[in-house]
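Per the working numbering, residue 120 is the first one in the sequence shown, and the count goes up by one each step.
By construction, the Cβ of each residue, glycine as well, lies at the ideal position given by its N, Cα and C atoms.
Since the structure is predicted, the reported quantities are computational estimates derived from the model, not experimental observations.
To keep things clear, I will list the structure first and then write my remarks on it.
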Amino acid sequence: MHRDHPSPEIIEAILPFSRYMRRLAESEPELMGELGQTLERPFGRKEMQAFLNADPVAGNDEAGMNGLLRGLRKRVMLRLATRDLGGLASFAEVVITMTDMAELAIGFALERQQRWLADPGRYGQPRSIKGAVQEMLVVAMGKLGGSELNVSSDVDLIFVYPEDGETNGYRSLSNHDFFMRLGRKLIASLSNVTPDGYVFRTDMRLRPYGESGPLAMSFGMLEEYFITQGREWERYAWIKSRVIAGPDAERLVLMEQIAQPFVFRKYLDFGAYESLRSLHGQIRQGVNRREMHGDIKLGPGGIREIEFIAQLFQLVRGGRDASLRIRSTLAVLKRLREKKLLSVKAAAELSDAYCFLRKLEHRLQYLDDQQTQTLPENTADQSLIAASMGFASYDEFLLRLDIHRHKVTGHFEKIFAAPRKTHALSRLSGLWQDRDSGDTKNNKEEEGIEAGAAAQLATMGFSSPGKILSRLQEFRGGIRYRQLPESSKKRVDALVPAVIEAAARFRSADLTLERLLQLLESVSRRAAYLALLREYPRALERVARLVSASQWAGDYLSRHPILLDELLSPADFQSPPDWSRSRARLIQQLEDAGSSGGNDIEEQMDVLRHFHHAQVFQLLARDVEGLLPLETLSDHLTELADLILDTVLRLAWSGLRRKHRDEPAFAIIGYGKLGGKELGYASDLDIIFLYDDAHPDAPEIYARLSQRINAWLTSYTSAGLLYETDLRLRPNGSSGLLVSSIPAFDQYQRRQAWVWEHQALTRARFVAGNIHVGEAFERIRKEVLCQQREPSVLKREVLAMRQKIFEAHPNDSGLFDVKHDRGGIIDVEFIVQYLILSHAFKYLDLTNNIGNIGLLKLAGKLELIDADNAERALNAYREFRRLQHQLRLSGDSGLTGTSSADSRSQKFARIEADQVTSETAAVLRLWDEVFDSSHF
120 MHRDHPSPEI IEAILPFSRY MRRLAESEPE LMGELGQTLE RPFGRKEMQA FLNADPVAGN
180 DEAGMNGLLR GLRKRVMLRL ATRDLGGLAS FAEVVITMTD MAELAIGFAL ERQQRWLADP
240 GRYGQPRSIK GAVQEMLVVA MGKLGGSELN VSSDVDLIFV YPEDGETNGY RSLSNHDFFM
300 RLGRKLIASL SNVTPDGYVF RTDMRLRPYG ESGPLAMSFG MLEEYFITQG REWERYAWIK
360 SRVIAGPDAE RLVLMEQIAQ PFVFRKYLDF GAYESLRSLH GQIRQGVNRR EMHGDIKLGP
420 GGIREIEFIA QLFQLVRGGR DASLRIRSTL AVLKRLREKK LLSVKAAAEL SDAYCFLRKL
480 EHRLQYLDDQ QTQTLPENTA DQSLIAASMG FASYDEFLLR LDIHRHKVTG HFEKIFAAPR
540 KTHALSRLSG LWQDRDSGDT KNNKEEEGIE AGAAAQLATM GFSSPGKILS RLQEFRGGIR
600 YRQLPESSKK RVDALVPAVI EAAARFRSAD LTLERLLQLL ESVSRRAAYL ALLREYPRAL
660 ERVARLVSAS QWAGDYLSRH PILLDELLSP ADFQSPPDWS RSRARLIQQL EDAGSSGGND
720 IEEQMDVLRH FHHAQVFQLL ARDVEGLLPL ETLSDHLTEL ADLILDTVLR LAWSGLRRKH
780 RDEPAFAIIG YGKLGGKELG YASDLDIIFL YDDAHPDAPE IYARLSQRIN AWLTSYTSAG
840 LLYETDLRLR PNGSSGLLVS SIPAFDQYQR RQAWVWEHQA LTRARFVAGN IHVGEAFERI
900 RKEVLCQQRE PSVLKREVLA MRQKIFEAHP NDSGLFDVKH DRGGIIDVEF IVQYLILSHA
960 FKYLDLTNNI GNIGLLKLAG KLELIDADNA ERALNAYREF RRLQHQLRLS GDSGLTGTSS
1020 ADSRSQKFAR IEADQVTSET AAVLRLWDEV FDSSHF
């Protein structure tokens, strides 16, 4: 009906849809008079509270309180049902009104029952062993916890209290017995049927140990239960848990320190797929057994399947993403759409279906005020339901219902579909069988089986089938596999055939399989990642593509297996990073971690590391696909480092207890590859710290800040490492102060710095911090670089330093070291640095931070060197960097060091010298031109 219709007309029109309302109208006609006067407005929380407080005397005894609460329910139900059926109330108004009434009723009854029981003449006040007053907390579960309560729902509750102890009254009790009594009293206040009816049916079966468990338990008992006996379905149930009555301080302790760690794992919990799939299977069996297909909650395409979809993503990702720790189903679906975990279409269809089904659920319950979700079988009620839902006939209504349920089932089955075992995978399973299982096969039979397996592998494209079979048996017989729990063994058993099949798609099948097996071994003790690879076959395909192209990628995944999650959204790799959006996302994640109630610094350190690793991995994936030129990759890695340094500086400053200003007059200066914007995946950060602050405490405060910044960057946490740092380029090196004032830095650079320190200064730049300090540094840098120097002295110093570096990296391998050998990368860098130091006094543009390639072009343009020589040398430099990058990605230990995963052992990039004959000649030709054929 239209909201402009008179109230009596609306009431008359909706009465046929609710026998419950008609009974109330007949037994208590005065309520209908009230309804006519108040129908135009929602029944808000304040009005409910005013009703309960209107007659203070009535609430002073149990009978009076029970009458008040039941009187409130009748009034709320009458107005709400009329507004809903009359088209005046939204779905949100319906569930919020019911939730508000439940919270107020429970809080009202709890406060009075606790006060009456705690009377000194009875049991007295419960207290802890240390004497602190104890009060009971009521935890709402299910739809009440999610603030989306039905119009005729029961309320799922759990009673807890902080600490054990005793009451201090005339008849002393243990706190446990007191709160058990209080719980029974509260339940009776809500659910006992009196001449006035009831308030809410209560369901306590979600408490630990179910119906056989204690009615109330302490925080300690609850936590112990979660740790030792909590089951997967209870994690699902506790997602919506919310304390609706009890002291505020203890609410935080209960939810953030006890419930939240139980529900949300720190890692991505892909094992939730299997457990929820199993739980849903049990529900489906019950539905089929009891022929409940007309149940719009538990039946196919019903409310529960929508809730399962929403809560699956919460269980999987809520430990890492605090923004998913919300309770309302519609709010979760919206958040999943925003995070692109559900498509816009899927989220819209699920949300529309949820609203339709919940609206239908309410109309089923309005009929007789019964908690039902079952479609009626008699034709009269069917007609009423169809009309109340706005349809001309029941058949038309069923058609729309079936459309919604079909869409829900489609999305549910797509998301929860169990991994399929193909015929090809079944055949490959034999390659993984245990050949030492104690069977009685004779040697000929065994040899025949192995020959068949080897032939199968050869047919698939593997070049050394015998070695692969031995490797598989080595894996299966290894201590790591044998010590796995049975559930993880089953996952590995299912994955190995898929791994073999994935590796066979690549030209280097043997190498790809070995790298995949190494990764599988390294993550095998982490059941969640086995579950991820099992649930997402396409993720396994992408892993195979990555490790086939790069050993370093496989090693990086082994160290940070949480990055496997990044492979679930390959579209993220197709577009270049948006660093402004990334910064905003990082800030939000840090704020969520800071407000989680745990160890803020440790959690924020982990957030930084997870963010950094994810960004590096996305760049790595694009790099391996050939989508990123090396120079563009270095730019992105440098922007990432700049973002991290800026964020760490802000976090470290906010964490200082002693400081004298809101923002630090402090800057981080980048040298080396960071300064020159040539960072690689495993580059460390060459940085120094400067400040410009005359406050007497400034040196001590900024020294402490510098220490904290370095600790944030270099500390190992459960999430790994951010960056290795090198602070030795500060004034006076390792023996100097950790942080320098701008005047001290200026004085040192002008009077004490060695030539090699000025060489390093050519690549330095302001990275993060106070812009004015950064400008002061840049002014000093340019002035120092523009000093006029004696060419012969400068040349002698530069050549001496080059000789020192050459001698520090002897190479007797017979290969060419693209970085350290003559005609390699360092020669190009020394040429550029010499040109800057010898000519910047005349050409200021040489001090610009445009990289070695840009500076060589500029020097040629300025005719400081032959332009053709410059072009050939910069092309050689670009090729050397490309080769160095490719060698380190490939992880060939014969070329790049003993362990591609360890950046410190990956010192050398060496190749056959005849691969770069023209490149080394180009560099040496320019070297001879610049240094007048001087050699070192």
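Closest by C-alpha distance to residue i, when choosing among the options
| i | options | result |
| --- | --- | --- |
| Trp-671 | Arg-704, Gln-637, Leu-649 | Gln-637 |
| Arg-439 | Arg-823, Thr-286, Leu-709 | Leu-709 |
| Phe-695 | Leu-461, Leu-727, Leu-739 | It is worth fixing the name first, because residue 695 is Pro in this sequence and not Phe. Of the listed residues, the one whose Cα sits closest to Pro-695 is Leu-739. |
| Arg-370 | Asn-172, Ala-1040, Glu-153, Phe-338 | Phe-338 |
| Lys-976 | Val-947, His-1004, Leu-1002, Phe-960 | Val-947 |
| Leu-652 | Leu-683, Ala-499, Ser-641 | Leu-683 |
| Ser-957 | Ala-1028, Val-1049, Gly-893 | Val-1049 |
| Arg-246 | Thr-448, Pro-281, Glu-569 | Pro-281 |
| Ala-838 | Arg-678, Asp-964, Gly-774 | Arg-678 |
| Arg-884 | Ser-854, Glu-758, Pro-495 | Glu-758 |
| Arg-290 | Arg-303, Ile-277, Gln-244 | Gln-244 |
| Leu-483 | Met-508, Glu-468, Pro-380 | Met-508 |
| Arg-1001 | Asp-742, Val-252, Glu-342 | Asp-742 |
| Ser-859 | Pro-818, Leu-846, Asp-845, Ala-872 | Pro-818 |
| Val-258 | Leu-229, Trp-235, Leu-550 | Leu-229 |
| Tyr-355 | Asp-315, Leu-398, Glu-342, Gln-348 | Leu-398 |
| Trp-551 | Gly-596, Ala-536, Phe-516 | Gly-596 |
| Ala-733 | Gly-713, Leu-686, Asp-174 | Leu-686 |
Same chain, Cβ closer than 7 Å to residue i, five either side skipped, listed in chain order
| i | result |
| --- | --- |
| Met-882 | Sequence check: residue 882 is Arg here, not Met. Within the same chain, Arg-882 has close Cβ partners Tyr-790, Gly-791, Gly-794, Gly-795. |
Burial state of residue i, where buried means 16 or more other Cβ atoms lie within 10 Å
| i | result |
| --- | --- |
| Trp-772 | buried |
| Glu-982 | exposed |
| Phe-785 | buried |
| Ile-787 | buried |
| Ile-504 | buried |
| Ser-825 | buried |
| Glu-902 | exposed |
| Thr-1036 | exposed |
| Gly-163 | exposed |
| Gly-557 | Residue placement at Gly-557 cannot be trusted, given a pLDDT of 47 that sits under 50; what the coordinates show is reported in the next sentence. Exposed. |
| Gly-669 | Note on identity: in this sequence residue 669 is Ser, with Gly being the wrong assignment. Buried is the call here. |
| His-891 | exposed |
| Gly-1013 | Here the model assigns Gly-1013 a pLDDT of 33, short of 50, so the residue's position is not dependable and the matter cannot be decided. |
| Tyr-821 | buried |
Own chain residues within Cβ distance below 6 Å of residue i, not counting five before or after
| i | result |
| --- | --- |
| Val-951 | Asn-971, Leu-974 |
| Ser-1022 | With a pLDDT of 39 at Ser-1022, under the threshold of 50, the modelled position of that residue is not reliable, and the figure given next carries that caveat. So the qualifying residues of the chain are Ala-801. |
| Tyr-317 | Ser-310 |
| Gly-979 | Ala-986, Ala-989 |
| Gln-878 | Gln-952 |
Residues that DSSP places opposite residue i in a beta bridge
| i | result |
| --- | --- |
| Leu-804 | Thr-844 |
| Thr-766 | Note: Thr-766 sits in no beta bridge, so no partner. |
| Arg-361 | Ala-259 |
| Phe-278 | Val-257, Ala-335 |
| Phe-785 | Tyr-810 |
Nonlocal neighbours in the same chain, by C-beta distance under 8 Å from residue i, ignoring five residues either side
| i | result |
| --- | --- |
| Phe-475 | Arg-519, Leu-520, His-523 |
| Tyr-513 | Thr-498, Gln-501, Ser-502, Ile-504, Ala-505 |
| Leu-635 | Val-618, Ala-621, Ala-622, Val-662, Ala-663, Val-666, Gly-673 |
| Thr-157 | Arg-198 |
Inter-stretch contact at 8 Å, needing at least 3 Cβ pairs: the region 159-174 / the region 276-295: no
Cβ contact (3+ pairs, closer than 8 Å) linking the region 743-759 and the region 860-879: no
Meets three-Cβ-pair contact criterion under 8 Å: the region 979-993 and the region 1027-1047: yes
Touching by the beta-carbon criterion (3+ pairs, under 8 Å), the region 215-222 and the region 268-277: yes
Three or more C-beta pairs below 8 Å linking the region 638-651 and the region 381-390: yes
contact_flag[the region 809-826, the region 906-917] where n(CB pairs < 8 Å) is 3 or more: no
Stretch-stretch touch, CB-based, cutoff 8 Å, three pairs: the region 236-254 with the region 184-202: no
The region 422-431 / the region 447-457 touching (three or more Cβ pairs under 8 Å): yes
Validate contact between the region 932-949 and the region 839-854 using beta carbons, cut 8 Å, 3 pairs: no
At least three beta-carbon pairs within less than 8 Å, the region 573-591 to the region 603-613: no
Contact between the region 358-368 and the region 340-350 (3+ Cβ pairs under 8 Å): no
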